[in-house]
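J.:
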Amino acid sequence: MAVAAEEAPVERRERKSSSITRFTRPVLGIVIPVGLAVVWEFAVRAGWSNGRLVPPPSRIYEEFAELARTGELWRHVVVTLVRVALGFALGTVAGTILGAIAGYSIIVRRLIDPSLQGLRAVPSIAWIPLFILWLGIFETSKIALIAVGVFFPIYLGVMGAVMSVDRKIVEVGRAFRLSGFAMVRRILLPAVLPAYVIALRSGLGLGWMFVIAAEFMGASEGLGYLLIDGQQLGKPAEIVAAILAFAVLGKATDAVVALAAAPFLRWEDRFSAQAEVD
Amino acid sequence: MLVLEHVGKTYANGVRALDGVSLTVGPGEIVAIVGGSGCGKSTLLRAISGLDTPSQGRVLLDGQPITAPHEKIGIIFQEPRLLPWLTVADNVGFGLDDLPRAERDERVGRAVTRVGLIEKANMWPRELSGGQAQRVAIARALVPRPEVLLLDEPFSALDAFTRADLQDHLLDLWADAKPTLILVTHDVEEAIVLADRVMVMRPRPGCIHEEIVTDLPRPRDRQSAAFDFAKRRILAALDRSLDRLTVEHVEPKATAGAALWW
Numbered sequence: 000m001a002v003a004a005e006e007a008p009v010e011r012r013e014r015k016s017s018s019i020t021r022f023t024r025p026v027l028g029i030v031i032p033v034g035l036a037v038v039w040e041f042a043v044r045a046g047w048s049n050g051r052l053v054p055p056p057s058r059i060y061e062e063f064a065e066l067a068r069t070g071e072l073w074r075h076v077v078v079t080l081v082r083v084a085l086g087f088a089l090g091t092v093a094g095t096i097l098g099a100i101a102g103y104s105i106i107v108r109r110l111i112d113p114s115l116q117g118l119r120a121v122p123s124i125a126w127i128p129l130f131i132l133w134l135g136i137f138e139t140s141k142i143a144l145i146a147v148g149v150f151f152p153i154y155l156g157v158m159g160a161v162m163s164v165d166r167k168i169v170e171v172g173r174a175f176r177l178s179g180f181a182m183v184r185r186i187l188l189p190a191v192l193p194a195y196v197i198a199l200r201s202g203l204g205l206g207w208m209f210v211i212a213a214e215f216m217g218a219s220e221g222l223g224y225l226l227i228d229g230q231q232l233g234k235p236a237e238i239v240a241a242i243l244a245f246a247v248l249g250k251a252t253d254a255v256v257a258l259a260a261a262p263f264l265r266w267e268d269r270f271s272a273q274a275e276v277d
Numbered sequence: 000m001l002v003l004e005h006v007g008k009t010y011a012n013g014v015r016a017l018d019g020v021s022l023t024v025g026p027g028e029i030v031a032i033v034g035g036s037g038c039g040k041s042t043l044l045r046a047i048s049g050l051d052t053p054s055q056g057r058v059l060l061d062g063q064p065i066t067a068p069h070e071k072i073g074i075i076f077q078e079p080r081l082l083p084w085l086t087v088a089d090n091v092g093f094g095l096d097d098l099p100r101a102e103r104d105e106r107v108g109r110a111v112t113r114v115g116l117i118e119k120a121n122m123w124p125r126e127l128s129g130g131q132a133q134r135v136a137i138a139r140a141l142v143p144r145p146e147v148l149l150l151d152e153p154f155s156a157l158d159a160f161t162r163a164d165l166q167d168h169l170l171d172l173w174a175d176a177k178p179t180l181i182l183v184t185h186d187v188e189e190a191i192v193l194a195d196r197v198m199v200m201r202p203r204p205g206c207i208h209e210e211i212v213t214d215l216p217r218p219r220d221r222q223s224a225a226f227d228f229a230k231r232r233i234l235a236a237l238d239r240s241l242d243r244l245t246v247e248h249v250e251p252k253a254t255a256g257a258a259l260w261w
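If you read the protein sequences in the order shown, they are chains A and B. Mind the numbering: the first sequence is residues 0 to 277 in numbering that gives the first Met the number 0, read in order. Mind the numbering: the second sequence is residues 0 to 261 in numbering that gives the first Met the number 0, read in order.
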C-alpha cells in the first residue's frame, strides 16, 4: 500500500515531463565529463597550466587522429580485440561446460568446485610468470591469461544458474516426459539464459581487464603496449587515447553481447523492463 | 480404469506420508480428494502422476503399472507453472512436440479458443492474469488428450469469483472428452461442484478415511439444499477424520505395516 502510494506521484511527474526527460536524461550523464573537459581545455589555453602531464582534450584528439591516420590505432585495436576474442571464447567454452556440469551434478561439484574456488582466489597477475614459462612470451600465454580471467565469472554464473532452476518448472518437463537432451534444450537452457547472459557480460568485462595485464607482460602490439609505450616515452596523450579506446571497445563489445541476447530474453518479467523501455 | 493398490509413501526422513491407499476410479469419473493439510493428498496425486514413485503398493492405469510420468496422465498444479519463455500458444502446445506442425497448430488453436484466450495466443505468460494463466495450464494439460487428468488444488490461489468461473469452465472442458479427473482440494464446495465421489483423507499416516458419494444432478446449483446437505456431510466427515486421529490411527497403521511385512 505504502509502496503504491509512493510510486504514483513519481510516475505522474515523469509522464508530464516525458518529452523533456527523453532529451535531458542522456545529456545529464555527460554533463560532468564534458564540463571538466571544457574547463581543462580552457585552463590550458589560458596558460594556467602547461598541460604536459594532463593533456587537454584537443591534444588527446590530435593524438587520436594521428594514430588513426598512420594506421597505428587500428593495428593495436585489432591485435587487442583478437586476443580478447580468443581468450573470451576459450574461457566461455570451459566455464560454460564445467559450470553446467558442476551445477547439475552434486558429486562433480564437490569434486571440482573447492579447487576451482581456490584457484579463483589467486590474483591474476600471479599466473603471468608461470604462463610465460609454460607457454612462452608470445600470444599463447596472453590468451591463456585472458581465458583464465573470463573463465571464473562464467563458471560461477552458469553453476549458480543451473543450481537455481525452479524445481517446479523442471517438474513440468518431467510431467511431459522430457529427459536428457530434451530437458536441457526445452527447460534448463531457456531457464538459465538470463543469468548466462549476465555471466557472459561480466566474463567479457574481466577479459578486457586481463588483456591489459597480458599486454603489460611484454607485448610489441596492442592497446596495452600503447599504454606502456606512452609511459616510457612520456606521452600522456597517447596513454589517455589508449584508455579511451579501451573504454569505447569495452562498452561496444558489451553492447554487442547484450543486443545479441535481447531477442531471446523478451519474455523476461523484469523489474527493470519498464525502465529500459522509457 | 485407474487402480491404486495399497499405495504407501515413506519419505527418506522416515515420515510416512501415505499408508495403504486403495482406490478404483472408472473412466470419465470425477473424484475429489479432500483433507486437512499434511494428510498426504498431494503425495497421493504425485504418486498417481508418476512424478514420485510409491514406496509400497502400485498404481495401475488400464492394468499397466505407472512408475514414471505417462502420456495418458496429465497434471495441473496449484500454480500455472507456465514456461515464461514460451508464448501462450507455445505453452499450450508444449506436450505436442512430436506432432507435425500443422496438426499441432490446429489442436493448439482449438484448445486456446476453447479456454477463451485466442486473442492472447501470442502473448507472454507474464501478461496474463492468474485466472487466465491457470486456464492456459488447463489447456496445456488437456491438449495431449489424457485419459486421466490430475489436479492439485488447481484453483486455490484464485479469488472466489474466478474460482467458480474456472470450476464451471473445467466441467465444460471435461465434457468434451470425459477424461477421468482426480482433484485434490481443500475447498469442500469445489469438491461438491465437481466430483461424483469425495474421498476424505486423514493424516499421519495419510489414508482414506471416508468415501462420500454426492450424487447430485449436473449442472450443480451451489445454492440448493442438496448441495448444502452434501457440504455438511463432508464437513462432518472431515471433523471426524481429525478427531479420531489419536484413538484410531495406531491400529490401522500397525495392521497395514504387518500386511506388508511379507
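Each residue gets a CB set at the ideal place from its N, CA and C atoms; glycine is no exception.
How far does the alpha helix (DSSP H) with His75/A in it extend, from its first residue to its last?
T.: Here the alpha helix (DSSP H) through His75/A covers 71-103.
J.: Strictly under 8 Å for the Cβ-Cβ distance: is Leu1/B near chain A by that measure?
T.: So no, Leu1/B is outside the interface.
J.: If you compare alpha carbons, which of Glu146/B, Arg144/B, Gly130/B is closest to Asp167/B?
T.: Answer by Cα proximity: Gly130/B.
J.: Kindly give me the distance between the Cβ atoms of Leu234/B and Val187/B, rounded to whole angstroms, as I take these residues to be in contact under 8 Å.
T.: Yes, Leu234/B and Val187/B are in contact; Cβ-Cβ is about 6 Å, under 8 Å.
J.: Following the continuous beta strand (DSSP E) through Gln222/B, name the residue where it begins and the one where it ends.
T.: Where Gln222/B is concerned, there is no enclosing beta strand (DSSP E), given that its DSSP letter is neither H nor E.
J.: Can you find a C-beta in chain B that's less than 8 Å from the C-beta of Ile168/A?
T.: Yes, because at least one Cβ of chain B sits closer than 8 Å to the Cβ of Ile168/A.
J.: Could you tell me the distance, in whole angstroms, from the CA atom of Arg108/A to the CA atom of Val53/A?
T.: Taking the straight line from one Cα to the other gives about 50 Å.
J.: Excluding five sequence neighbours on each side, which residues of the same chain lie with their C-beta closer than 7 Å to the C-beta of Gly229/A?
T.: The answer, listed in chain order, is Pro235, Glu237, Ile238, Ala241.
J.: Does the segment 136-143 of chain B come within contact of the segment 73-86 of chain B, defined as at least 3 CB pairs closer than 8 Å?
T.: Yes, the segment 136-143 of chain B touches the segment 73-86 of chain B.
J.: Give me the residue from Arg203/B, Val87/B, Phe226/B with the minimum Cα distance to Gly13/B.
T.: When only C-alpha atoms are compared, the closest one is Arg203/B.
J.: Helix, strand or coil, according to DSSP, for Met200/B in the structure here?
T.: It is a strand residue.
J.: Quick one: is Glu78/B near chain A, going by C-beta distance under 8 Å?
T.: It does: the Cβ of Glu78/B has a partner Cβ on chain A nearer than 8 Å.
J.: Can you tell me whether Leu259/B is helix, strand or coil according to DSSP?
T.: Low local confidence applies: a pLDDT of 43 at Leu259/B is under 50, so the model's placement there is unreliable, and no value is given.
J.: For Leu182/B and Gly92/B, I'd like the C-alpha separation in whole angstroms.
T.: Each residue's Cα considered, the two are about 23 Å apart.
J.: How many angstroms separate the CA atom of Arg232/B from the CA atom of Ser240/B?
T.: Those two C-alpha atoms are separated by around 12 Å.
J.: Buried or exposed for Lys119/B, please, with buried defined as at least 16 other CB atoms from any protein chain shown within 10 angstroms of its CB.
T.: That one is buried.
J.: With distances taken Cα to Cα, identify the nearest neighbour of Leu155/A among Leu72/A, His75/A, Glu220/A, Asp112/A.
T.: Here the closest residue by C-alpha is Asp112/A.
J.: Residues of the segment 164-183 of chain B with a CB closer than 9 Å to any CB of chain A: list them in chain order, please.
T.: Cβ contacts with chain A come from no residue of the segment 164-183 of chain B.
J.: So, at 7 Å on beta carbons, what are the nonlocal neighbours of Lys71/B in its own chain, with the 5 sequence-adjacent residues on each side left out?
T.: Here the set comprises Leu60, Pro145, Glu146, Val147.
J.: Do you know how far the Cα of Pro99/B is from the Cα of Asp214/B?
T.: Distance between the alpha carbons of Asp214/B and Pro99/B is about 42 Å.
J.: So, does the segment 210-220 of chain A touch the segment 18-37 of chain A, judging by three or more C-beta pairs under 8 Å?
T.: Contact fails: fewer than three Cβ-Cβ distances are below 8 Å.
J.: Going by beta carbon distance, what residues of the same chain come within less than 6 Å of Phe215/A, once the five residues before and after it are set aside?
T.: If we look at Phe215/A and ignore the five residues flanking it on each side, its Cβ neighbours are Gly223.
J.: If you draw a straight line from the alpha carbon of Asp195/B to that of Asp151/B, how long is it in whole angstroms?
T.: Approximately 17 Å, taken between the alpha carbons.
J.: Could you check the C-alpha separation between Ala132/B and Ala31/B for me, to the nearest Å?
T.: Going by the C-alpha atoms only, they are around 22 Å apart.
J.: Could you pull out every residue in the same chain whose Cβ sits closer than 6 Å to the Cβ of Val212/B, ignoring the five residues on either side in sequence?
T.: Arg196, listed in sequence order.
J.: Using a Cβ-Cβ cut-off of less than 7 Å, give me the residues of the segment 173-196 of chain A that come near chain B, in sequence order.
T.: Within the segment 173-196 of chain A, the qualifying residues are Arg173, Ala174, Phe175, Arg176, Pro189.
J.: For Ala101/B, count the other beta carbons within 10 Å of its own beta carbon; 16 or more makes it buried, fewer makes it exposed. Which is it?
T.: Under this definition Ala101/B is an exposed residue.
J.: Please name the residue in Leu264/A, Val161/A, Leu258/A whose C-alpha comes closest to that of Thr95/A.
T.: Among Leu264/A, Val161/A, Leu258/A, the Cα nearest to that of Thr95/A belongs to Val161/A.
J.: How close, in whole Å, do the beta carbons of Ala143/A and Leu134/A come, if the pair is a contact with beta carbons under 8 Å?
T.: Right, their Cβ atoms sit about 6 Å apart.
J.: Given Ile59/A, which residues of its chain have a CB within under 8 Å of its CB, disregarding the five upstream and five downstream residues?
T.: Here the set comprises Ala236, Val239, Ala240, Leu243.
J.: If Gly172/A sits next to Ile153/A, beta carbons under 8 Å apart, how far is it from one beta carbon to the other, in whole angstroms?
T.: Contact flag wrong, Cβ pair sits at about 25 Å.
J.: Which stretch, first to last residue, makes up the alpha helix (DSSP H) that contains Asp175/B?
T.: Where Asp175/B is concerned, the enclosing alpha helix (DSSP H) stretches over 159-176.
J.: Give a yes or no on whether the C-beta atoms belonging to Ala261/A and Arg200/A are separated by under 8 Å.
T.: Contact: no.
J.: Where does Lys167/A land, buried or exposed, given buried means 16+ other C-beta within 10 angstroms?
T.: Exposed, by the Cβ-count rule.
J.: For Leu148/B, which residues in chain A fall below 9 Å Cβ to Cβ?
T.: Those do not exist, as Leu148/B stays about 11 Å from chain A at its closest Cβ, beyond 9 Å.
J.: Rounded to whole angstroms, what's the CA-CA distance from Cys206/B to His69/B? Just pull it up for me.
T.: Near 24 Å, if we compare the C-alpha coordinates of His69/B and Cys206/B.
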